[in-house]
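Undergrad: One structure follows; several queries about it will come next.
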Amino acid sequence: MDHILTILVFFPAFAGLLGFVVDKGSARAYGIAVATIELFIALWLWMSFDGSNGGMQFVEMLPLVPDFGISYYLGVDGISLFIVIMAALMTLVGMISMSIEKDVKNMIISLLFLEMTMVGVFVALDAIVFYLFWELSLVPMLYIIGAWGGPRRVYAAVKFFLYTFLGSLIMLVGMLFLAYLYHDVTGTWSFAITDWYALVLPMEYQVWLFIAFFMGFAIKVPMFPFHTWLPYAHGQAPTIGSVILAAVLLKMGTYGFVRFSLPIFPDASVMMITPIAILSLIMVVYTAMVAYAQKDIKQVIAYSSVSHMGIIMLGVFAMNAEGISGSIFLMLSHGIVSGALFMLVGVIYDRLHTKELDNFGGLAAVMPKYATIFGIMLMASVGLPLTIGFVGEFLVLLGFYKVSPMMTIVAGLTIIIGAIYMLSIYKRTFFGPITHDENKKLKDLNSKEIVSLVPLVMIVIWLGIYPKPVLEPIDNSVKALVSFMEKKAQTQEAKDIIVSTNAGEDK
Amino acid sequence: MESLVYVALFAPLVGSLFAALFGMSPKNLITGIATSALLFISWVASVLLLIHVVGNGAVSTTLMDWIGAGDLLIQFGFQVDAVTAVMMVVVTTVSTVVHVYSIGYMDHDKGFNRFFSYLSAFVFSMLVLVMSDNFAGLFIGWEGVGVCSWLLIGFWYHKEDVSTDINPSISPSWAANEAFIMNRIADLGMLIGIFLIYWNTGSLTYDTFFASIPTMDAQLLVAIAVALFIGAMGKSAQFPLHTWLADAMEGPTPVSALIHAATMVTAGVYLVIRANPLYSHEAVEGVSLFIAYLGTFVAMFAATMALVNRDLKRIIAYSTLSQLGYMFAAAGLGAYWVALFHLAAHAFFKALLFLGAGNVMHAMHDELDIFKMGGLSKVMKWTYIYMGLASLALAGIFPLAGFYSKDTILEVAINEDTYLIWFALWVTAGLTAFYSFRQVFLTFSGNERYKELGHRPHEMPNYVLIAMAPLAILAVIFGFVFMDSFQAFTSTVLPAYEMSHATHEIAWVFIILTTLIALSGIFYAYKKYGAGLIRDEKVESSFVYKLLSNQYYIPKFYDSMFTKPYREISDMLWKRVDLKIVDAIVDAIAKFIYFSGDKSRAMQTGNLSHYLNWMAAGVLLVAVIVSLSAVLG
Amino acid sequence: MIELSHYLVVSGILFSIGVVGVLRRKNLLMLFFATEIMLNAANIAFAAVSSYYGDLSGQMFAFFIIAVAASEVAVGLGLLIVLYKKQGTLDLDDLAVMKG
């Protein structure tokens with residue numbers, strides 16, 4: 000299987016094209032079948048992946064525009080492997096739990112195209128290919144929000160599209176300039192990321208390029224103050240849209256920092272630790288407080304996503320293997336947990352057609368299974384040990400402590416304020432007497448919802464108790480990345496900081 | 000021996016998962032019996048381990064790797080040394096009794112199966128906490144017991160929130176959240192301590208850390224000691240993080256007995272005892288002394304609140320708080336084995352006291368106000384005996400368990416020349432005797448005030464009473480039978496604390512003094528309440544009485560200083576900042592672009608002549624710019 | 000003696016007349032005439048400068064412009080006739096189909 004990555008990327012899109020001829024009634028089953036096969040291909044990739052090798056594997060290379068060094072160049076390492084698997088998993092789970100009746104066929108086809116772009120972004124090793132998938136991912140999402148969303152769906156969809164598009168255009172300029180610089184130095188054109196890694200850039204170029212890439216990634220993450228598109232997008236998107244958006248699309252931003260910013264601009268990244276950490280801390284604390292003030296349960300989860308992404312950003316800029324590995328793991332865990340939480344919100348929305356917390360209360364008595372799964376996801380979200388959420392959060396905070404103890408204490412507030420808003424919504428939703436009569440006859444989870452949620456619960460607990468099979472390949476790739484950065488850094492301060500944040504003991 | 004470790008550890012987990020299978024079905028007696036049986040197995044394994052440790056020293060074993068990233072490697076490692084063995088036996092003993100007791104107590108509850116699942120899960124977490132050989136494992140148990148405590152305090156989640164005037168703890172679910180969040184505040188301190196340890200020793204195991212203490216600099220040790228103690232303050236409900244414990248009484252009474260008296264709340268004390276190489280290091284002397292003084296303060300502070308309270312369970316909760324203060328005082332003064340001894344003794348008699356209170360509640364249909372009871376000794380003879388014994392032990396009367404443990408703490412205070420601590424603890428001993436017997440007399444003797452309310456109290460079934468017997472026996476004999484062997488046994492791990500010669504000589508004076516004040520406390524309680532309740536309006540309306548019955552207004556203060564402002568600031572950040580500033584700026588940029596397009600659309604008149612005018616103006620403008628730049632440039 | 004500057008002045012004056020015509024006239028046909036005047040002003044300048052430098056390129060350009068202007072008039076007038084037949088007027092103020 001030399002072309003497993005190509006198959007992985009284009010199989011959903013190809014199946015999506017075939018999907019146009021599938022009968023409307025069986026579209027959903029067709030979609031689930033395709034997504035299952037895709038997940039198995041991804042798992043097969045994991046099986047044949049060599050976890051002890053930190054470099055790129057399953058590399059495929061085919062020149063597209065040789066004159067400008069653009070090629071179809073794919074590869075996967077420990078950092079991207081699990082995000083790809085998670086993307087496949089969340090697409091499948093989202094499809095199973097989907098409750099949409101209107102235009103199911105269109106939805107399935109959109110999702111399959113979206114899956115192609117998501118997988119493509121994470122396995123692309125050529126900047127142009129990466130950029131193509133990056134931008135293409137907006138289109139199905141725009142359609143999903145705009146066609147199946149709530150009352151203000153058009154506003155939300157356009158805001159989502161334009162905002163993230165603006166950022167990516169700035170990133171594109173950065174990419175073109177970087178390629179130009181590469182040409183200037185070497186005399187040949189190349190858009191291959193691995194070629195760019197070898198490029199040693201002067202500091203002032205690094206800073207400007209870092210900022211250009213930052214705009215693209217930061218809006219996607221979304222970092223404070225660029226986060227305001229997210230609550231609207233989540234608020235209006237259908238459940239499946241929110242699940243994919245929170246679980247996978249946001250991770251593109253943080254993944255971009257790891258794949259591009261750190262290795263290509265090591266000096267600028269070190270220089271930017273403090274400003275980015277400050278923005279991240281604002282994300283962590285400020286959005287968690289805003290989440291607490293929300294009256295709509297979905298908005299709480301949306302803002303909590305921003306807050307958790309802040310922790311991920313901190314981990315990326317901890318510059319040590321503990322922090323970066325932790326943040327990659329946290330991307331996975333946040334993907335699964337926030338995806339599951341959005342699905343859980345969808346469950347109650349399907350039944351009551353409202354997301355207002357005031358309309359809930361006492362649901363634990365009528366929906367015990369729902370309350371149990373929600374409770375487990377809540378505990379994973381607040382980072383309880385032996386759930387998936389703890390491992391990443393612990394590693395990130397541990398790693399960043401080496402960079403700045405004071406900032407870590409502020410970031411550590413997340414374990415307190417995270418508990419405050421999550422426990423508060425849990426209490427308002429599930430505890431107390433049932434105050435609304437229509438809630439007394441609510442049905443507990445149906446088999447479709449259980450089939451989609453229980454695997455996630457199992458993963459949450461499995462990777463909480465035994466994260467090693469996932470964490471080890473991630474860690475190997477991250478160690479390779481960190482030692483590469485250390486070698487590449489030019490300024491002495493940058494070198495010192497990278498070395499000192501990685502040093503085990505202070506002796 | 001390793002298999003015994005795993006049997007002891009995992010039996011409760013198996014029980015919990017088994018009961019969880021029935022979690023959503025109606026009451027099934029088998030869950031209660033199975034979990035109790037599994038706990039009994041765990042108890043047997045613990046006792047065997049204790050015997051093994053006595054003979055052959057500590058056992059340690061590693062299950063598997065947990066987290067490995069960078070240079071960090073955390074394993075699921077367990078060690079059973081003297082301290083752990085004692086804790087395991089205490090935990091499993093009390094838990095087994097509480098499990099059997101709960102079969103009777105929770106008999107009519109809808110959530111019977113769910114209750115046993117949570118309760119066993121708690122025991123598992125607690126065992127992880129005490130058996131782990133590293134700080135990360137400790138933290139797993141630490142958070143695990145927190146979650147189980149959350150689940151169990153909020154067990155009757157369906158109850159409504161009411162104002163604090165009716166119920167000071169608002170509702171079970173509110174109290175559960177309060178406990179969880181307050182513990183999390185302390186956990187942050189603990190996490191920071193863990194980070195400090197990792198970055199300075201490269202490992203999180205106790206052994207590595209303790210081995211590298213001599214080479215670390217003083218400031219760092221102080222920082223670690225403070226951070227870990229902040230963690231301990233949360234779990235052990237030390238001031239100012241104490242309010243959750245009294246509110247936690249919203250949970251079912253067996254839960255209060257097991258979690259909020261005997262085991263979980265002692266986790267903080269356990270941590271300080273476990274980290275004794277750190278806390279006995281000379282560089283952190285100041286921190287240790289602070290712990291001792293804080294413990295003393297809490298002992299007295301909590302005892303005063305218990306003096307006037309009318310709620311059966313809250314009185315015992317404050318008493319727990321007060322006794323935790325004693326333990327911290329002993330640990331802070333360096334007498335770790337004394338702290339551990341008091342921890343064990345306290346676990347037995349306090350659990351007994353709580354279970355007795357449970358019997359009373361069961362008889363009185365969940366009535367908790369002791370002013371509405373009285374004369375119950377006639378119908379509940381055994382409960383009366385149990386609670387009386389437990390109260391005598393709590394008051395420190397010879398020869399019950401509390402006498403030995405508490406008296407040794409007072410002796411330690413003398414030995415360390417910290418007379419202030421001694422005096423405060425001595426006064427507290429008198430207060431303890433008074434409030435314990437105030438409660439006993441108001442509940443069991445005097446006029447039968449419950450008759451006005453139409454209650455028909457009845458004694459618990461026999462098996463429940465028999466289940467409580469081990470605790471009663473231990474509360475009586477634990478001191479004089481086990482004290483010496485306990486000291487010898489724990490000295491394999493803990494520093495042997497020896498009284499100086501001078502202290503030995505005059506010890507009998509202080510024993511008499513302590514016994515005297517305890518007896519006078521009991522006597523005063525008997526004089527005041529032995530014959531029944533006589534309310535004194537003047538006392539009840541005095542400032543001090545109000546201050547005490549309102550818990551020094553601390554919950555109100557927290558509410559107005561933290562809870563409300565937090566909500567208001569959050570609201571303000573959302574409505575004023577996020578919507579009106581951050582998002583508004585984004586929208587303003589979009590609007591500006593839209594607006595400029597809308598306005599410049601007017602240029603597009605469709606009239607060719609206008610276009611040509613615009614074009615000429617544009618050409619002129621470009622010409623001017625070009626020529627200007629040529630002239631200036 | 001008539002020097003280069005004289006030619007250029009004449010050309011400038013002609014061009015200005017053309018510009019004013021383009022900007023002020025409302026009749027499409029007159030606009031055409033005005034553009035023709037501007038083109039011819041350019042032709043005069045080209046021819047004068049060409050003869051001044053003794054370089055034939057300028058005169059070639061002038062011829063080229065004449066050819067382009069002729070074809071433009073041919074096509075343009077045709078369009079105008081069609082437009083007049085359709086709209087019944089060549090007044091610019093009445094022809095605002097492209098109003099945004």
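Protein chains in written order, with numbering that gives the first Met the number 0: chain A, 0 to 506; chain B, 0 to 632; chain C, 0 to 99. Glycine included, each C-beta is placed from N, C-alpha and C at the ideal position. Values in this document were obtained by computation on a predicted structure and should not be read as measured data.
Rounded to whole angstroms, what's the CA-CA distance from B:S318 to B:L244? Just pull it up for me.
TA: Computed Cα separation, rounded: 11 Å.
Undergrad: Express the C-alpha separation of B:S608 and C:R23 in angstroms, rounding to a whole number.
TA: Distance between the alpha carbons of C:R23 and B:S608 is about 8 Å.
Undergrad: Leaving out five residues on either side along the sequence, give the residues of the same chain with a beta carbon under 6 Å from the beta carbon of B:V480.
TA: Correct list: empty, nothing qualifies.
Undergrad: Give the range of the beta strand (DSSP E) segment to which A:M60 is assigned.
TA: A:M60 -> beta strand (DSSP E) spans 56-64.
Undergrad: Cα separation between A:K506 and B:L493?
TA: Bear in mind that the predicted position of A:K506 carries a pLDDT of just 37, short of 50, making it too unreliable to give a figure here.
Undergrad: With contact counted as at least three CB pairs below 8 Å, one residue from each stretch, are the region 155-171 of chain B and the region 260-275 of chain B in contact?
TA: Counting Cβ pairs under 8 Å, fewer than three are found: no touch.
Undergrad: In the structure shown, what three-state DSSP assignment does B:W644 receive?
TA: Chain B is shown from 0 up to 632; residue 644 of chain B falls before or after that span and cannot be answered.
Undergrad: I'd like to check one pair, A:V242 with A:M342: are the Cβ atoms closer than 9 Å?
TA: Cβ atoms of A:M342 and A:V242: closer than 9 Å.
Undergrad: Looking at the C-beta of A:F19, does it have a partner C-beta in chain B at a distance below 9 Å?
TA: Output row for A:F19: interface = no.
Undergrad: Would you please verify whether the beta carbon of A:D505 is less than 9 Å from any beta carbon of chain B?
TA: In this prediction, A:D505 scores a pLDDT of 46, lower than 50, which makes its location untrustworthy; no coordinate-derived value is stated.
Undergrad: Quick one: list the residues of chain C neighbouring B:G688, beta-carbon separation under 9 Å, in chain order.
TA: The structure shown does not extend to residue 688 of chain B, since chain B is modelled only from 0 to 632, so the question has no answer here.
Undergrad: Give the secondary structure of A:L198 by DSSP, where H, G and I count as helix, E and B as strand, and everything else as coil.
TA: Of the three classes helix, strand and coil, the one that applies to A:L198 here is coil, per DSSP.
Undergrad: Going along chain B in order, which residues have a C-beta closer than 8 Å to the C-beta of A:E471?
TA: Under the 8 Å cutoff, chain B gives G67.
Undergrad: Note the first and the last residue of the continuous beta strand (DSSP E) segment covering A:F316.
TA: No beta strand (DSSP E) holds A:F316; DSSP gives it neither H nor E.
Undergrad: Fully enclosed by the region 262-304 of chain B, which alpha helix (DSSP H) runs are 4 residues long or longer?
TA: Within the region 262-304 of chain B, the complete alpha helix (DSSP H) runs of at least 4 residues are 266-273, 275-278.
Undergrad: Excluding the 5 residues preceding and the 5 following A:V346 in the sequence, name in chain order all residues of the same chain whose CB lies nearer than 7 Å to its CB.
TA: Counting only Cβ-Cβ distances below 7 Å, and skipping sequence neighbours, we find Y369, L444, E448.
Undergrad: Going by C-alpha distance, which of B:W381, B:N446, B:M304 is nearest B:G374?
TA: Ranking the options by Cα distance to B:G374, first place goes to B:N446.
Undergrad: Spell out the partners DSSP gives B:F77 in its beta bridges.
TA: BP columns for B:F77 point to B:T60, B:S131.
Undergrad: DSSP three-state call for A:I69: helix, strand or coil?
TA: In the structure shown, A:I69 sits in a strand (DSSP, three-state: E or B).
Undergrad: Identify each residue in the region 26-40 of chain B for which the Cβ-Cβ distance to at least one residue of chain A is less than 7 Å, and report them in chain order.
TA: Correct list: empty, as no residue qualifies.
Undergrad: Mind listing the chain B neighbours of C:L82? Cutoff is C-beta to C-beta under 9 Å, in chain order.
TA: Within 9 Å Cβ-Cβ: nothing; C:L82 doesn't reach chain B, min ~11 Å.
Undergrad: I'd like to know whether the C-beta of B:S170 is nearer than 9 Å to at least one C-beta of chain A.
TA: Yes - at least one Cβ of chain A is within 9 Å of the one on B:S170.
Undergrad: Per DSSP, what are the beta-bridge partners of A:E355 in this structure?
TA: A:E355 is bridged to A:D295.
Undergrad: Going by C-alpha distance, which of B:L277, B:I139, B:S255 is nearest A:M378?
TA: When only C-alpha atoms are compared, the closest one is B:I139.
Undergrad: List, from N- to C-terminal side, the alpha helix (DSSP H) runs of 4 residues or more that fit wholly inside the region 407-448 of chain A.
TA: Fully enclosed alpha helix (DSSP H) runs of 4 or longer: 413-429.
Undergrad: Any Cβ of chain B within less than 9 Å of the Cβ of A:K467?
TA: A:K467 counts as touching chain B.
Undergrad: Let me check one thing: in DSSP terms, what residues is C:N26 bridge-paired to?
TA: Per DSSP, C:D90.
Undergrad: Out of A:I239, A:V315, A:V269, point me to the one whose CA is closest to A:G149's CA.
TA: Taking only the C-alpha atoms, the option nearest A:G149 is A:I239.
Undergrad: Taking DSSP as the reference, what is the three-state secondary structure of A:G74?
TA: It is a strand residue.
Undergrad: By Cβ distance, which residues of its chain are closer than 7 Å to B:W173, with the 5 residues on each side in sequence left out?
TA: D160, listed in sequence order.
Undergrad: For the region 68-78 of chain B against the region 101-108 of chain B, do three or more pairs of beta-carbon atoms, one drawn from each stretch, fall closer than 8 Å, so that the two count as touching?
TA: Contact between the region 68-78 of chain B and the region 101-108 of chain B is absent, because fewer than three Cβ pairs lie under 8 Å.
Undergrad: Between which two residues does the alpha helix (DSSP H) containing B:Y156 stretch?
TA: No alpha helix (DSSP H) contains B:Y156, which DSSP labels as neither H nor E.
Undergrad: Sorted by chain position, which residues of the same chain lie with C-beta nearer than 6 Å to A:I416's C-beta, five sequence neighbours on each side aside?
TA: Within the same chain, A:I416 has close Cβ partners A287.
Undergrad: Per the contact definition of three or more C-beta pairs closer than 8 Å, is the region 293-307 of chain A in contact with the region 407-423 of chain A?
TA: With a cut-off of 8 Å, the region 293-307 of chain A and the region 407-423 of chain A count as touching, because enough Cβ pairs lie within range.
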